[in-house]
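2 protein chains.
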Amino acid sequence: MLSSTAEYALRAVLYVAQHAARGPVRVSQIAQALTLPRNYLSKILHELARSGVLVSTRGKHGGFRLGQPAESLSLYDVVNRFDRIEARRSCLLGRPECSDRQACLVHWRWKSLSEQVARFFRDTTVAELVSGAAAHPQSKRRVAND
Amino acid sequence: MLSSTAEYALRAVLYVAQHAARGPVRVSQIAQALTLPRNYLSKILHELARSGVLVSTRGKHGGFRLGQPAESLSLYDVVNRFDRIEARRSCLLGRPECSDRQACLVHWRWKSLSEQVARFFRDTTVAELVSGAAAHPQSKRRVAND
DNA sequence: ATTTAATAGGACATTCACATGATAATAGAG
DNA sequence: CTCTATTATCATGTGAATGTCCTATTAAAT
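Chains A and B are the protein sequences, given in the same order.
The numbering of the first sequence is my numbering, which starts it at 4 and goes up by one.
The numbering of the second sequence is my numbering, which starts it at 4 and goes up by one.
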């Protein structure tokens, strides 16, 4: 579903959100904990820092922290840079022009579904994931309304 | 959302379904109509023939026809060979073991959504798409003729 | 000031999906 | 049988995503 780069980014950010309470988290630590290629992860984190999702500190005792409150950090914010998920909302058949007015054969059937996926990434925050642990749909009450 | 190969396959099958009434459809015709690379499309069609979605006929007046009734041909049947969409139902964070019992942070939020997507591909048939034209959800006024 | 531990970042290597081109195999038509 | 239009198949090219390596830069600690 996600490119591996986007997936790494998301996992890393979640890890940082969970471990940055006592200061910056080092790349090596994340790479080891999540079994990711260290140098490649380094670039991804740097990219996340450039887009404001993370903040980096160099030198001794350096590392990465969240660049903004976990409550205002959506999965879309994290993943967008590496995986243009918005593009998936467009035509499933790849037509350059596909809209309500010029609908392809699958347009109406695909539209609502793709919008749900987009909403999922937009509305889910890092805070929700790391705090609520799992948000089990049966044991926990559902979201009342929107 | 789909790999371009899978997208080509789907578009090609829909085209064949719409044009195979008067005999087999040639690769060149499909490639030209859909603006797809001819040789690459040829391989995709052959692959679809090997999986039973299409049937090929060689020689003069040859080409491709549907290998089974459009009513029993799901989008999943067409696309599966080229794009393991079922795999997207698995963990969004790429964990090898992610289930209701061993849930990752996003498991419960992602599960229902990914199941909907899987259902879409399994339940939507080629027949529905080529016959119903568009299946407009709000106003059914335009669907009458054509 | 020097040492040390960390990120920054360019250059390069690898892999794979995507695509092209040429040739072989098949079968209908004359 | 021969010609020709079609699919079948193999060899190869291309570019983007992924991954590695090495050096530069930064800042705390000594």
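Glycine included, every Cβ here is placed at the ideal spot set by N, Cα and C.
Residues sharing a beta bridge with T60 (chain B), DSSP:
B:G66
Taking 7 Å as the threshold (C-beta atoms), are V28 (chain B) and H22 (chain B) in contact?
yes
List the endpoints of the continuous alpha helix (DSSP H) containing Q71 (chain A).
Q71 (chain A) -> no alpha helix (DSSP H), and no H or E assigned at all.
Assigned secondary structure, V133 (chain B) (DSSP; H/G/I helix, E/B strand, else coil)
helix
Find out if the Cβ-Cβ distance for the pair L5 (chain A), D86 (chain A) is shorter than 7 Å.
yes
V133 (chain B): contacting residues in chain A (beta-carbon distance under 8 Å)
L108
Give the interface partners of R91 (chain A) over in chain B, defined as CB-CB distance under 7 Å, in chain order.
M4
Among the residues of its own chain, which have a CB less than 7 Å from the CB of R98 (chain B), if the five just before and after it don't count?
C107
Rounded to the nearest angstrom, what separates D103 (chain B) and V109 (chain A) at their Cα positions?
32 Å
Checking contacts by CB at 7 Å: is L48 (chain B) closer than that to chain A?
no
Rounded to whole angstroms, what is the Cα-Cα separation between P72 (chain A) and A20 (chain A)?
9 Å
Which chain A residues sit within Cβ distance under 8 Å of Q119 (chain B)?
L116, Q119
Nearest by alpha-carbon distance to L129 (chain B): which of B:G70, B:E100, B:A90 is it?
For clarity, residue 129 (chain B) is Val in the given sequence; the question names Leu instead. Closest by alpha carbon: B:G70.
Between the stretch 49 to 64 of chain B and the stretch 77 to 95 of chain B, do at least 3 Cβ pairs fall closer than 8 Å?
yes
If contacts are defined as beta-carbon pairs under 8 Å, then F123 (chain A) and L116 (chain B) qualify, I think. What distance do you get, rounded to the angstrom?
6 Å
Span of the alpha helix (DSSP H), counted from its first residue to its last, around L13 (chain A)
7 to 22
Less than 7 Å separating the beta-carbons of S7 (chain A) and V30 (chain A)?
no
In chain A, what lies closer than 7 Å to E74 (chain B) by C-beta?
Neighbours of E74 (chain B) on chain A: none; closest Cβ ~15 Å, over 7 Å.
Consult DSSP for V82 (chain A) and reduce its assignment to one of helix, strand or coil.
helix
When the cut-off is 7 Å and only beta carbons count, does E10 (chain A) lie next to chain B?
yes
If I measure Cβ to Cβ from L39 (chain B) and keep anything under 6 Å in the same chain, skipping five residues before and after, which residues do I get?
Y11
Interface residues of chain A facing G97 (chain B) [CB-CB closer than 7 Å]:
E10
How many whole angstroms separate the CB atoms of L95 (chain A) and W113 (chain A), which I take to be in contact at a CB cut-off of 8 Å?
5 Å
Within 10 angstroms of the Cβ of A90 (chain B), are there 16 or more other Cβ atoms? Answer buried if so, exposed if not.
exposed
Simplified DSSP state of S102 (chain B), which is helix, strand or coil
coil
Could you name the residues of the same chain whose beta carbon sits closer than 6 Å to that of A169 (chain A), not counting the 5 residues immediately before and after it, in chain order?
The question about residue 169 (chain A) has no answer here: the residues shown for chain A are numbered 4 through 149.
Is the Cβ of F123 (chain A) closer than 7 Å to any Cβ of chain B?
yes
Y2 (chain B) vs I33 (chain B) beta-carbon contact at 7 Å
Here chain B covers residues 4 to 149 and nothing more, so residue 2 (chain B) does not appear.
For S117 (chain A), report the span of its alpha helix (DSSP H) as first-last.
110 to 126
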